[in-house]
Ligand code: ATP
Ligand code: LTN
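Structure representation (structure tokens):
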């Protein structure tokens, strides 16, 4: 069995991009692989989070993981700050990463652009992400296109560590989907659909009501012309809507183009809203069931326990390789 690891930040709504680029795919791996899925709250605090809102968001993100169809009997679902090894190995890897390579990360450049001040954590963020992945001897990391550069850096850090200190880490591979890797904003198809976008019209949240979905799709920007055809260079906004349709109904884009031949944007958009609503319905139903059941705390506690067992053994290996002290055994957490 191969190991799979991925993380999602509890820093805002979960949107369709997260669903198709991450959550839905996480579910696909759970039967064949050993999966570790993490709510990366230490990553979220690289920008200010209101404390009350953050703890609510952690719970909500976990509920959406389950609502997407993850089975807590099959996967290890946990919160990053419950597992201290992440911060510890994160520090060690910050000391392996160079200022130059961290400066080249496009996510850092995008998130720091135009800001008067940014936290040190935002800059060193990819070293913590590398720690997340390497602590589980991970084979595969399913992520959207935007995270490819970070996983590449993780591979470089693992290789550098192994060549300096001897074989310690497994070198993981990113798994980027062919479709759904980059869902675009509904208001600006040059940008990705993002949680941190201040305009809610730019994304469909998994929590959106039927009316909200219908309104957001009606207001979504389209390109000039009226033919429903997939031409990303010429009609990027429409191409994005066609991709979303195709992901919702699990049919190739060509089949959808065929269905709307000779019909205009209005028909297409109305049906698109309907297929999104149908996609969200079972997710929202499971979300409410999990929320009411009160089982979340137990699921996350069991997850943290298992994650601690696995990651502490890897941390011990890495500390020993570097010549750090292990008087307090990372596995037993006592002398
Ligand atoms: P932010 O935009 O604030 O950075 P985010 O929406 O990217 O947040 P994350 O928690 O950073 O959310 O991402 C969780 C997962 O969702 C990652 O695997 C990421 O690659 C994927 N993802 C995020 N946005 C999209 C998108 N627009 N299309 C496809 N996948 C996406
Ligand atoms: N950086 C990622 C979230 C993330 C992650 C990870 C993804 C943190 N640690 C480990 C995969 C594996 C993001 O912003 N989407």
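In my numbering, the protein residues as written are 193 to 527. Just so it is clear, CB atoms sit at the ideal spot from N, CA and C, and this is done for glycine as well.
- Query: Quick one: is residue 400 buried, meaning 16 or more other Cβ sit within 10 Å of its Cβ, or exposed?
  - Reply: For the purposes of this step, residue 400 is taken as the residue at position 208 of the chain shown. Residue 400 is buried by the Cβ-count criterion.
- Beta-carbon contacts of residue 383 that lie in its chain and below 6 Å, excluding the five residues immediately before and after: Along the chain shown, read from residue 1 onward, the residue named residue 383 stands at position 191. So the list reads 377, once near-sequence residues are dropped.
- So what does residue 195 bridge to, in DSSP terms? Here residue 195 refers to the residue found at position 3 of the chain shown. Its beta-bridge partners are 226.
- In the DSSP assignment, find the unbroken beta strand (DSSP E) run with residue 333 in it and report its ends. For the purposes of this step, residue 333 is taken as residue 141 along the chain shown, with counting starting at 1. Note, residue 333: beta strand (DSSP E), 332-334.
- Query: Would the beta-carbon of residue 385 be found less than 6 Å away from any heavy atom of ligand 2?
  - Reply: Here the question's residue 385 lines up with position 193 in the chain shown. Because no heavy atom of ligand 2 lies under 6 Å away, the Cβ of residue 385 does not count as near it: no.
- Message: Within 10 Å of its beta-carbon, does residue 198 have 16 or more other beta-carbons around it, so buried, or fewer, so exposed?
- Response: For the purposes of this step, residue 198 is taken as the residue at position 6 of the chain shown. Per the 10 Å Cβ criterion, buried.
- Task: Using DSSP bridges, identify the partner residues of residue 365.
- Result: Along the chain shown, read from residue 1 onward, the residue named residue 365 stands at position 173. In the DSSP output, where bridge partners are listed per residue, residue 365 has 332.
- Would you grab the beta carbon distance between residue 255 and residue 479 for me? Rounded to a whole angstrom, and I think it's under 8 Å. For this step, residue 255 is matched to residue 63 along the chain shown. For this step, residue 479 is matched to residue 287 along the chain shown. That belief holds up - the Cβ atoms of residue 255 and residue 479 are roughly 5 Å apart, short of 8 Å.
- Drop a sphere of 10 angstroms on the beta-carbon of residue 484, count the other beta-carbons inside from all chains shown, and report buried for 16 or more, exposed for fewer. Taking the chain shown and counting its residues from 1, one reaches residue 484 at position 292. With fewer than 16 other Cβ atoms within 10 Å, it is exposed.
- Query: Can the beta-carbon of residue 288 be found closer than 7 Å to that of residue 246?
  - Reply: By one-based count along the chain shown, residue 288 stands at place 96. By one-based count along the chain shown, residue 246 stands at place 54. No, the Cβ-Cβ distance between residue 288 and residue 246 is not below 7 Å.
- At which residues does the beta strand (DSSP E) containing residue 269 begin and terminate? As a first step, residue 269 must be located in the chain shown, where it is residue number 77. Segment 268-271, the beta strand (DSSP E) holding residue 269.
- Item | C-alpha gap between residue 531 and residue 467, whole angstroms | Here the chain has residues from 193 to 527 only, and residue 531 is not among them.
- Query: Which residues have a Cβ closer than 6 Å to any heavy atom of ligand 2, listed in chain order?
  - Reply: 197, 198, 199, 201, 232, 235, 321, 324, 325, 333, 335, 339 and 342
- Query: For the 8 Å Cβ check, are there 3 or more pairs between the segment 327-345 and the segment 367-376?
  - Reply: yes
- Message: Which of the three DSSP states is assigned to residue 231 in this structure?
- Response: Walking along the chain shown from the start, residue 231 turns up at place 39. Strand, per DSSP.
- Taking Cβ to Cβ, would you say residue 281 is nearer than 7 Å to residue 345? As a position in the chain shown, residue 281 is number 89, starting the count at 1. As a position in the chain shown, residue 345 is number 153, starting the count at 1. No, the pair does not count as a contact, with Cβ atoms beyond the cut-off.
- Express the C-alpha separation of residue 319 and residue 292 in angstroms, rounding to a whole number. Sequence index remark: in the chain shown, residue 292 carries index 100 (1-based). Sequence index remark: in the chain shown, residue 319 carries index 127 (1-based). Their Cα atoms are separated by approximately 13 Å.
- Message: Tell me whether the segment 202-209 and the segment 237-252 touch, counting them as touching only if at least three CB pairs, one residue from each stretch, are closer than 8 Å.
- Response: yes
- Task: Going by CA-CA distance only, name the one from 507, 193 and 210 that's closest to residue 398.
- Result: Within the chain shown, numbered from 1, the residue matching residue 398 stands at position 206. Answer by Cα proximity: 210.
- Per-residue DSSP class, three states only, for residue 384: Translated into the one-based positions of the chain shown, residue 384 becomes position 192. Strand at residue 384.
- Item | For residue 506, the three-state DSSP class (helix, strand or coil) | Here residue 506 corresponds to residue number 314 of the chain shown, with the count starting at 1. Residue 506 falls in the helix class under three-state DSSP.
- Message: I'd like the list of long-range same chain contacts for residue 514, defined as Cβ closer than 7 Å, with 5 residues on each side in sequence excluded.
- Response: Within the chain shown, numbered from 1, the residue matching residue 514 stands at position 322. 284 and 357.
- The alpha helix (DSSP H) enclosing residue 252, as first and last residue numbers: Position 60 of the chain shown, counting from 1, holds the residue named residue 252. 243-259 is the span of the alpha helix (DSSP H), which, as asked, contains residue 252.
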